[in-house]
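Trainee: Just so you know, we're using my numbering here: the sequence shown kicks off at 200 and counts up by one.
The C-beta atom is built at its ideal place from N, Cα and C for all residues, glycine as well.
Quantities reported herein were computed from a predicted structural model and do not represent experimental measurements.
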Amino acid sequence: MSRLNLSYIIEITRRDFAERFAGSVLGSMWAIIWPMINLFIYIVIFGKLMGARLPGTSEMNSYGIYLAAGLIPWLAFSETINRCASVFPAKKHIITKVNTSFLALLLHINLSETITYVISMLVFFLILLCTGYEFHMSLWLLPVLYYLQQMLALGLGLIAGVLNVFIRDVSQITGVILQLWFWFTPIVYIVDILPEPVRKIIMYNPAFRLIDAYHKIFAFHSYPSFKGLWVLAVVTHLILFFSFLMLRYLEKDIRDFL
């Protein structure tokens, strides 16, 4: 594999952000405006105006917080996988002309989604502070959760990206799978409403472990299952290891095929 170049990754990430908001009057300010609008909808519209509540709590903003705490990480996770799935054909003009690192192309997506995630989380924290929310000590786990989340997304995205070079339908299939995966993960609903057999199956969903941990921290003021996070960490690194091996053995074929 080609060697990673940190300055190159930062540069293509900067270009990615610039291209995303190119031509707009407010430019990169939209990276802050969109999270503010979305979080306003989640917390104010769902919580205050629609009166949605979590079972067992009378707190007005409880469902909005539950919804936002699940959607923010899910968007970063799913967008990373989705963009990684089509990155090699999209960057064909670079790959065929420059001996660039494939991992750099994937890591710049991860870094770009990290910036969006951090901005969204900062806006989320600001809104929570303004509503008098009491933070729980389990917040220290957020960097651990985000690391596992994005490493899992990187591994799955890399597998989809490699396969997509040879079978172009893979990027479309990835989008369909992510849509189904979203509804199979308790993000907009609580797991308790599911039938018992479905609840047993959903425990094997790695995204459930992640989103449930965010929900426990923000919506229920408690610690997530550490056993579940250990299992998720093992699964994540196994997938990541397999995806790196896959890229290593197929890198030459990918360049030739492109």
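Closest to LEU446 by CA distance: which of SER277, LEU304, SER319 and TYR403 is it?
Mentor: Closest option to LEU446, Cα to Cα, is LEU304.
Trainee: Going by alpha carbons, who is nearest to LEU449 out of LEU362, SER424 and VAL390?
Mentor: Of the listed residues, the one whose Cα sits closest to LEU449 is LEU362.
Trainee: Roughly how far, in whole angstroms, is the beta-carbon of ILE280 from the beta-carbon of LEU377, given that I think they are within contact range, below 8 angstroms?
Mentor: Going by Cβ atoms, the distance from ILE280 to LEU377 rounds to 6 angstroms, so yes, they are a contact pair.
Trainee: Pick out whichever of PHE417, ASN298, HIS414 and VAL434 has its Cα sitting closest to the Cα of ASN404.
Mentor: Taking only the C-alpha atoms, the option nearest ASN404 is VAL434.
Trainee: Please confirm if the region 263-278 is in contact with the region 405-419, defined as three or more CB-CB distances below 8 angstroms between the two stretches.
Mentor: Taking 8 angstroms as the limit for Cβ pairs, the verdict is that the region 405-419 does touch the region 263-278.
Trainee: Can you tell me whether ILE372 is helix, strand or coil according to DSSP?
Mentor: Correct three-state label for ILE372: helix.
Trainee: Using only the alpha-carbon positions, how far apart do HIS307 and GLY354 sit?
Mentor: About 14 angstroms.
Trainee: Please list, in chain order, all residues of the same chain as HIS420 whose beta carbon is under 6 angstroms from its beta carbon, the five residues on each side excluded.
Mentor: HIS335, listed in sequence order.
Trainee: Going by the beta-carbon positions, is the gap between LEU351 and ILE208 smaller than 8 angstroms?
Mentor: No, these two residues do not count as a Cβ contact at 8 angstroms.
Trainee: What is the rounded straight-line gap between the Cα of ILE240 and the Cα of VAL322?
Mentor: Those two C-alpha atoms are separated by around 13 angstroms.
Trainee: Quick check: what's the CA-CA separation for LYS399 versus PRO423?
Mentor: In a straight line, the C-alpha of LYS399 is about 17 angstroms away from that of PRO423.
Trainee: Any chance you could list the alpha helix (DSSP H) runs of at least 4 consecutive residues sitting entirely within the region 298-385, in chain order?
Mentor: 301-329, 341-365 and 369-382, all fully within the region 298-385.
Trainee: ALA268 and PHE456 - do their beta-carbons sit closer together than 8 angstroms?
Mentor: In this structure, ALA268 does not lie closer than 8 angstroms to PHE456 by Cβ.
Trainee: Following the continuous alpha helix (DSSP H) through ASN281, name the residue where it begins and the one where it ends.
Mentor: Its alpha helix (DSSP H) spans residues 261-284.
Trainee: For CYS283 and LEU393, which I take to be in contact (beta-carbon distance under 8 angstroms), what is that distance rounded to the nearest angstrom?
Mentor: The pair is not a contact, with the Cβ atoms about 30 angstroms apart (cut-off 8 angstroms).
Trainee: What residue range does the alpha helix (DSSP H) around ILE442 cover?
Mentor: The residue you asked about is not Ile; residue 442 is Ser in the sequence shown. 425-456 is the extent of the alpha helix (DSSP H) around SER442.
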